[in-house]
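Participant:
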Amino acid sequence: MSIELFRQGNHACYVFSDLVRGDEGVQANQFLIVDGGDSALIDPGGALLYTPLSIALSAHVQPRDLTWILASHQDPDVIGSVDSWLLYSGARIVCSRLWGRFIPHGVPHYQKDAGRERYLLLEDEGGRIPLGGGHVEAVPAHFLHSVGNFQFHDAASRILFSGDLGASMMPAGTPYAPVEDFDAHLPRMAAFHRRYMASNRACRWWARRARQLDLAMIVPQHGLPIAGAAHIARFIDWIEQLECGVDLLPGAAGT
Ligand SMILES: [Fe+2]
Ligand SMILES: [Fe+2]
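Add 4 to the 1-based position in the sequence shown for the numbering used here, that's all there is to it.
#1: For A60, name the three-state secondary structure that DSSP assigns.
#2: Starting from S43, follow its DSSP beta bridges and name the residues at the other end.
#3: If you check the beta carbons only, do A118 and G84 fall under 8 Å apart?
#4: Between Q225 and ligand 2, is the CB less than 7 Å from at least one heavy atom?
#5: By DSSP's criteria, D158 is part of a beta bridge. Which residues make up the other side?
#6: Within the chosen definition, does the region 57-65 reach the region 132-146 through at least 3 CB pairs nearer than 8 Å?
#7: Give the straight-line distance between the Cα atoms of Q34 and S21, rounded to the nearest whole angstrom.
#8: Counting C-beta neighbours from all protein chains within 10 Å, is the total for S172 16 or more, i.e. buried, or is it exposed?
#9: Hey, would you say the C-beta of H77 is under 7 Å away from at least one heavy atom of ligand 1?
#10: In angstroms, rounded to a whole number, what distance separates the CA positions of A214 and I240?
#11: Does A237 pass the burial test, meaning 16 or more other C-beta atoms within 10 Å, or should it be called exposed?
#12: Run the proximity test for H149: is its beta-carbon closer than 7 Å to any non-hydrogen atom belonging to ligand 1?
#13: Would you call the CB atoms of Q155 and F165 closer than 8 Å?
#14: If I follow the unbroken beta strand (DSSP E) through V19, where does it start and stop?
#15: Return the chain-ordered list of same chain residues with a C-beta closer than 7 Å to the C-beta of M5, the five sequence neighbours on each side being excluded.
#16: Could you say which of G249, V38, L102 and F196 lies nearest to G13 if we only look at CA atoms?
#17: Spatial neighbours of E244 within its chain, please: C-beta separation below 7 Å, excluding the five flanking residues on both sides.
#18: Specify, as a first and last residue, the run of the beta strand (DSSP E) that Q12 falls within.
#19: Measuring alpha carbon to alpha carbon, tell me which of A95, V86, E28 and L23 ends up nearest G41.
#20: When you compare only the Cα positions, how much space is there between L168 and S100?
#21: Taking 7 Å as the cut-off, is the beta-carbon of V82 closer than that to any non-hydrogen atom of ligand 1?
#22: For a test of your reading of the model: does the CB of D168 fall under 7 Å from any non-hydrogen atom of ligand 2? Yes or no.
#23: Measuring alpha carbon to alpha carbon, tell me which of A160, P229 and E129 ends up nearest F186.
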């Protein structure tokens with residue numbers, strides 16, 4: 005049900021990659037970081053996923069004991085089940101302050117214990133989210149895919165949980181393993197990034213920031229992880245030069 009991405013002492017990272025298949029909705033990965041008694045669930049998804057994910061999660065942490073739910077942005081496949089997580093877990097939701105007034109639209113008004121105290125709203129510059137003996141860094145990726153867009157960098161594992169950036173559309177049943185042939189992988193990413201990323205200016209802004217991070221692996225919400233210095237460098241270079249979003253509007257500069 006889950007694959008261990010990293011373990012050192014009492015710090016571990018897991019991916020759930022097979023709970024939603026392409027025929028129901030786009031394939032999506034959910035991630036869990038556990039550090040001692042603390043835990044963070046990243047981009048848990050919508051109603052489609054709540055029950056299977058809560059069952060799979062309980063092999064590592066009981067849902068009621070979750071510390072944080074980290075939302076990279078506002079989309080349904082990221083945080084559509086916020087009402088269930090607020091009801092059945094004790095977690096606080098971490099998201100951009102820009103989405104702090106919109107995500108609660110998924111929560112019935114009569115639901116108790118679901119108010120502002122259940123949210124940690126990130127300012128644009130991001131910041132550190134304490135977890136066990138360390139922290140997870142909220143890394144700004146604004147406008148790339150969402151106006152209030154964050155990625156999450158786990159200092160202990162050096163994994164960047166990149167949300168939709170790096171997403172790849174893989175055939176159903178593809179094993180979850182790092183990309184081996186980057187050139188062959190590019191067409192699996194290209195169409196998605198051209199439409200779902202905002203502009204090359206946002207890509208370049210992100211690339212500059214990403215090169216400052218200590219990265220062992222980039223794990224997107226859809227598709228396969230990108231691991232190792234050579235492939236990570238190629239991915240950042242590719243994003244940096246990508247024309248996408250409004251760049252491709254007819255009549256826009258460069259078209
Ligand atoms: Fe998205
Ligand atoms: Fe997504």
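Ideal Cβ positions, reconstructed from N, Cα and C, are used throughout, including at glycine.
Bear in mind the structure is a predicted one, so any value in this text is a computation, not a measurement.
Facilitator: With the structure as the only source:
#1: If DSSP states are grouped into helix, strand and coil, A60 belongs with the helices.
#2: Answer by DSSP bridge pairing, in chain order: V38.
#3: Not in contact: A118 and G84 (Cβ atoms no closer than 8 Å).
#4: Correct: Q225 has its Cβ closer than 7 Å to ligand 2.
#5: For D158, which the question treats as bridged, DSSP gives the partners V140 and I163.
#6: The region 57-65, when compared against the region 132-146, does not touch it at the 8 Å Cβ threshold.
#7: Approximately 7 Å between the Cα atoms of the pair.
#8: Buried is the call here.
#9: Within the cutoff, so yes.
#10: Each residue's alpha carbon lies about 7 Å from the other.
#11: By the neighbour-count criterion, in which a residue is buried when 16 or more other Cβ atoms sit within 10 angstroms of its Cβ, A237 is exposed.
#12: Yes, ligand 1 has a heavy atom inside 7 Å of this Cβ.
#13: Result yes, Cβ atoms of Q155 and F165 sit closer than 8 Å.
#14: Going by DSSP, V19 is part of the beta strand (DSSP E) stretching over H15 to F20.
#15: A distance below 7 Å between beta-carbons, with the five flanking residues on each side excluded, links M5 to the following residues of its chain, in chain order: F20, A60 and A63.
#16: Distances from the alpha-carbon of G13 to those of G249, V38, L102 and F196 put V38 closest.
#17: For E244, where only same-chain residues beyond five positions count, the Cβ hits under 7 Å are C207, R208 and A211.
#18: Counted as a single uninterrupted DSSP element, the beta strand (DSSP E) harbouring Q12 occupies residues I7 to Q12.
#19: Among A95, V86, E28 and L23, the Cα nearest to that of G41 belongs to A95.
#20: According to the sequence displayed, residue 168 carries Asp and not Leu. Roughly 15 Å between the two C-alpha positions.
#21: For ligand 1, at least one heavy atom lies less than 7 Å from the Cβ of V82.
#22: Ligand 2 has a heavy atom closer than 7 Å to the beta-carbon of D168.
#23: With distances taken between Cα atoms, F186 lies closest to P229.
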